[in-house]
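One structure is given here, and the rest of the page talks about it.
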Amino acid sequence: MSDDIHKPPRPGHTRRTYLLDREFQLKYILLLAGIGAVSMGVFGGLAHRLHVSAVSSGVDGGASLLWLTGVGALGLAGVLGVFGLLFTHRVAGPVHVMSLYVAALAAGRYPRLRPLRKKDELKRFFDRFSEAVDRIRQREAEEAHALEAAVAALTPVATTPEARQALETLSALHTRKRQAVDNPTGSTFKSVA
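Given below as structure tokens:
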């Protein structure tokens, strides 16, 4: 019988930390809340003015208030839409560039990393990503150097066909690693600016 039946169920994991990147999240939470508060304040002021004007003139201002509400909703949607476009571009741009870099890494090439734009977000993540790519590239260079030394040391003593075949494999591996490290890709990546 399987032991899986007798294992206790895993407890559910709940996230208790909501501000993972405090500076980034608070910046946009406060900006979005500010845009909403200012918009609602302007709308409330205009609605109050329309109401006072309608009451003082003895006219029913319901239709005007309805139009004002519609225009205010459309205006707020437009402002938040433009803000959303700017915000997502500042995040989506770096994500797009990093996905191109990851594709190059998966293909066995090391991309030539460029810095992010001045107003892009995710800079700390990109710095960590760049550092990881540099460390991997450095490790590949060290391994290529070690393979080169091993090939040089084993070439004079490789007398059997199996030893020469193994040496050819090591030499091909050295060549591949050296090409990946020495020829970073960069011209194939389009800027998202």
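Counting in numbering that gives the first Met the number 0, the sequence shown runs from 0 upward without gaps.
Quick reminder that beta carbons are idealized off the backbone N, C-alpha and C, glycines included.
Cβ distance (whole Å) where residue i is taken to contact residue j below 8 Å
{"i": "Tyr100", "j": "Pro110", "result": "4 Å"}
{"i": "Glu147", "j": "His173", "result": "5 Å"}
{"i": "Lys118", "j": "Arg89", "result": "6 Å"}
{"i": "Leu201", "j": "Ser129", "result": "Lying outside 0 to 192, the shown extent of the chain, residue 201 is not represented and no answer is given."}
{"i": "Ala171", "j": "Arg163", "result": "In fact, because the Cβ distance is near 13 Å, the residues do not count as touching under 8 Å."}
{"i": "Ala46", "j": "Leu64", "result": "6 Å"}
Exposure of residue i, with buried meaning 16 or more beta-carbon neighbours within 10 Å
{"i": "Lys26", "result": "exposed"}
{"i": "Ala196", "result": "The question about residue 196 has no answer here: the residues shown for the chain are numbered 0 through 192."}
{"i": "Met39", "result": "exposed"}
{"i": "Glu120", "result": "buried"}
{"i": "Val41", "result": "exposed"}
Three-state class that DSSP yields for residue i in the structure shown
{"i": "Asp126", "result": "helix"}
{"i": "Asp119", "result": "coil"}
{"i": "Leu146", "result": "helix"}
{"i": "Ala157", "result": "coil"}
{"i": "Thr16", "result": "coil"}
Cβ neighbours of residue i in the same chain (closer than 8 Å, five flanking residues each side left out)
{"i": "Phe82", "result": "Leu30, Leu31 and Ile34"}
Sequence-distant residues of the same chain with beta carbon closer than 7 Å to residue i, five excluded per side
{"i": "Leu153", "result": "Leu166"}
{"i": "Leu79", "result": "Ile34"}
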